[in-house]
Amino acid sequence: MVARFGIDDVRPQVSGRTLPAKAVVGEVVPVSALVWREGHDAVAATLVLVAPSGEQYSVPMHQEVYRPDYVHGIFIPREQGLWRYRVDAWSDVMATWRNAVEKKLAAGQTEVELANDIARGADLFTAAIAQTPSPEVLEHARATLLDDTLTLSQRIAPGVSQEVRDVLAEYPLRELVTRGPVADILVERREALVNSWYELFPRSTGGLDADGNPVHGTWATTAAQLQRVADMGFDTVYFPPIHPIGEDNRKGRNNTLTAQDGDVGSPWAIGSKHGGHDAFDPNLGGEDEFLDMMDHANELGLEIALDFALQAAPDHPWATEHPEFFTVLADGTIAYAENPPKKYQDIYPLNFDNAPEKLYAEIYRVLMYWVDLGVTTFRVDNPHTKPVNFWHWLISKVHETDPDVIFLAEAFTRPPRMYGLSKAGFSQSYTHFTWKTTKAELTDFAQLLVDVADVSRPNLFVNTPDILHASLQQGGPAAFALRATLAATMSPLWGVYSGYELYEDRPVAEGSEEYHDSEKYQLRHRDFAAALQNGASLEPYLTLLNTIRRDNPALQQLRQIRFHEIANDQIIAYSKVDAETGNAVLVVVNLAPFSTQEGMLRLDASAVGLNDGDTFEVADQITGETYTWTATETGNFVRLAPEKNVAHIFRLPEVPKVRREALAYRQISDHDYRP
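Using the working numbering, the letters of the sequence shown map in sequence onto residues 159 to 833.
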């Protein structure tokens, strides 16, 4: 059915409004729509929101500057849960009247010629007064309009004033209201968007014995390591699987096929005679010790994230109790995991089609065991190798009773799969950030993050136990610093795998991204205190980055980023603005870890709430130094020497309130990706 007014291209919406868009509590969410009508009369729009509590809100929408016929508005959800929204279009009779009388007055028409317009205006003001709680401004405008002792311009002036427009913006006189389609936005807790992760292996926290050999860690030794992580300003500590590790076909050091005495195996080979996914590796300790560690983490303000890896070692209890959970071959054996020609002899993959009801129920039971212990964040291993409808079912079912649970998808795969998992309910996603190193790659990558912000929240890990990128192998300490800067400022979500602060850069072989002596297959002792004392640690810089993120709301939002021109491919510059506080940040990074880079940075003044020609101060949050800049065509000189500093993170002047909303929606107008 064709409505009275056109309401098209409403954003955000996901998959034709069949799935909710994403937001978090306190996030600035821009909403836009293409609104049109016949003829020359004015059309306007209102954003109508219904909170999970049932309370309804109306937000004025404004005509966009960058896209004709588009309107925009922003809202900041303060309540977690499922929000509903729509865009209503309506005939703006006051704007139509105002436009007509201003043009006729400018054309020199007389009081006689404007008599009908004056009468029409009086009627409109009467109607507007009746619906406005404090109508004094409107009453004055109506009275003045009807006062024939004044000149024509004097009579009309109050009715077209900014003061009257402000009142009508809050209490508009609407006719021919057309309701737009209803869409959903799922609002999660803020930590789903604003978070810094630190990954460590609990089993590597045991220190060394008298002979200098690593000792297997326990929950007590793990708890002792958490203070250092908290001091660096991280929010979430992520543990790889903590379950019993399979003994059948256990992998040895550096992924060798035959384990030697004392080899601890891969924690992703889950399950043994000691139990499966709802059991603890007995070397770490049991449930009581785990809960003590959790209590200590909570006292430090840290959240514990567990790995949720749906696969089994050959001696997992499921292999004998539930063979229907796997693929049984013609010879009666269970199929190993394969990525031909590779075969993973220590892992059985699950088959989700043999007995789905039974398997689904068992997985839900296992997950809820950990949720009931107080775990509210899970990093999910390889979710793209499992059916997406299973994840939608599982996450929805968990959120029915525990909406605070966050799921991070470890899915380094093609975009349709990555975004499909996000649509299915994953709160966060790994990305291809580790492989984006050039200025062009990083620019395209960051802009895409904004384009898909309605469905996907990117967690930019600088490294993982599986990924030691060549840039880190070859770039020295400066490479570690610059990559951390990019990750911590391009997204409000970022992560570090333990050892990054020690500049660990040795691969198992040339051309490989696997670590030498990978912690995936052995205990790895690290002396963080000695490295810090000797000045061979990135800890202070990681701490500073997390502090800067906390102090600048602009770095806590995802939906807006602007790149600024500098004629040097080894320097990248981008800004972020928080539309609620007006906080604005400009990040400038040297992408060349071994050479000093410099150039003239031409700031897009309008992108940060400034005017061309403005002179202003920029305060470097890294060094504490302050510079005076001018927004000119010539630009401002920047120079970054890796041995001194790989980046500037400048705090810019606060954006005036009248300009903040426009900056929040401007990003939408620049891109056209519609997931």
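Where a beta carbon is used, it is the ideal one built from N, C-alpha and C, also for glycine.
Just so you know, these numbers come straight off a predicted model, no measurement behind them.
Asked: Give me the Cα-Cα distance between Gln-586 and Leu-640, rounded to the nearest whole angstrom.; Found: 23 Å
Asked: Quick check on Val-189: does DSSP put it in helix, strand or coil?; Found: strand
Asked: With DSSP as the reference, please indicate the residues paired to Phe-619 in a beta bridge.; Found: Gly-653
Asked: Just verifying my parser: in three-state terms, what is the DSSP assignment at His-474?; Found: coil
Asked: Taking Asn-413 as the reference, which of Glu-672, Val-352, Pro-398 and Ile-553 has the closest Cα?; Found: Glu-672
Asked: Return the chain-ordered list of same chain residues with a C-beta closer than 6 Å to the C-beta of Asp-828, the five sequence neighbours on each side being excluded.; Found: Any reading at Asp-828 must be qualified, since the residue scores a pLDDT of 46, below 50, and its modelled position is unreliable; no value is offered.
Asked: How would you label Pro-833, buried or exposed, when you count the other beta carbons within 10 angstroms and need 16 or more for buried?; Found: Confidence at Pro-833 is low in this model, with a pLDDT of 33, below 50, so the placement of that residue should be treated as unreliable; the coordinate-derived value is given next. Result: buried.
Asked: When DSSP labels each residue in this structure, what does Glu-333 get in the three-state scheme?; Found: strand
Asked: Among Val-796, Ser-753 and Ala-725, which residue has its Cα nearest to the Cα of Leu-744?; Found: Val-796
Asked: To test your reading of the DSSP string, which unbroken alpha helix (DSSP H) runs of 4 or more residues are found completely within the segment 737–780?; Found: none
Asked: Please tell me whether Thr-376 and Glu-461 are closer than 8 Å, where the distance is taken between their beta carbons.; Found: no
Asked: Taking C-beta to C-beta, are Asp-509 and Phe-483 nearer than 8 Å?; Found: Correcting the residue identity first, residue 509 is Asn in this sequence and not Asp. Yes; because the gap between Cβ atoms is below 8 Å, this pair is in contact.
Asked: Start and end of the alpha helix (DSSP H) containing Ile-287?; Found: 273–288
Asked: Give every residue of the same chain whose Cβ lies closer than 7 Å to the Cβ of Ala-799, excluding the five residues on either side of it in the sequence, and list them in chain order.; Found: Thr-754
Asked: With the cut-off set at 8 Å, would you say Gln-171 and Ala-161 are in Cβ contact?; Found: no
Asked: Thinking Leu-427 and Ile-505 are a contact (beta carbons under 8 Å), I'd like their distance in whole angstroms, please.; Found: Looking at the sequence provided, one finds Ala at residue 427 rather than Leu. Confirmed, Cβ separation roughly 6 Å.
Asked: Apart from the five residues on each side of it in sequence, which residues of its chain come closer than 7 Å, Cβ to Cβ, to Asp-305?; Found: Arg-313
Asked: Give the DSSP-derived three-state secondary structure of Trp-248 in the structure shown.; Found: strand
Asked: Going by alpha carbons, who is nearest to Met-576 out of Asp-562, Thr-559 and Lys-544?; Found: Lys-544
Asked: Tell me the residue span of the beta strand (DSSP E) that contains Arg-809.; Found: 805–809
Asked: Following the continuous alpha helix (DSSP H) through Pro-514, name the residue where it begins and the one where it ends.; Found: 514–530
Asked: For Trp-248 versus Thr-336, is the C-beta distance shorter than 8 Å?; Found: yes
Asked: Measuring only the C-alpha atoms, how far is Phe-591 from Phe-603?; Found: 8 Å
Asked: Does the structure place the segment 656–670 close enough to the segment 624–638 that three or more beta carbon pairs sit under 8 Å?; Found: yes
Asked: By DSSP, does Ile-154 sit in helix, in strand, or in coil?; Found: It is not possible to answer for residue 154, since the shown part of the chain is limited to 159 through 833.
Asked: Closer than 8 Å by C-beta to Arg-361: which residues in its own chain qualify, once you throw out the five before and the five after it? Chain order, please.; Found: His-374, Gly-375, Val-422, Pro-425, Asp-439, Asn-441, Leu-442 and Leu-681
Asked: Please report the Cβ distance between Ile-724 and Leu-759, rounded to the nearest whole angstrom; I am assuming they are in contact, meaning their Cβ atoms lie under 8 Å.; Found: 5 Å
Asked: In three-state DSSP terms, what is Glu-269?; Found: coil
Asked: According to the neighbour-count rule (16 or more other Cβ atoms, all chains shown, within 10 Å of its Cβ), is Tyr-831 buried or exposed?; Found: A caution first: Tyr-831 carries a pLDDT of 34, below 50, which makes its placement in the model too unreliable to give a value.
Asked: Evaluate Gly-370 with the Cβ neighbour count: other Cβ atoms within 10 Å of its Cβ, from every protein chain shown; 16 or more gives buried, anything less gives exposed.; Found: exposed
Asked: Taking DSSP as the reference, what is the three-state secondary structure of Arg-708?; Found: helix
Asked: Do Pro-218 and Gly-231 have their beta-carbon atoms positioned less than 8 Å apart in this structure?; Found: yes
Asked: Might you give, ordered along the chain, the residues of its own chain that have their beta carbon closer than 6 Å to the beta carbon of Asp-406, omitting 5 neighbours on each side?; Found: Pro-472 and Asp-473
Asked: Going by DSSP in three states, Gly-404 sits in which element: helix, strand or coil?; Found: coil
Asked: Quick check on the DSSP output: the beta strand (DSSP E) that includes Trp-355 runs from which residue to which?; Found: 353–357
Asked: Rounded to whole angstroms, what's the CA-CA distance from Val-556 to Arg-684? Just pull it up for me.; Found: 37 Å
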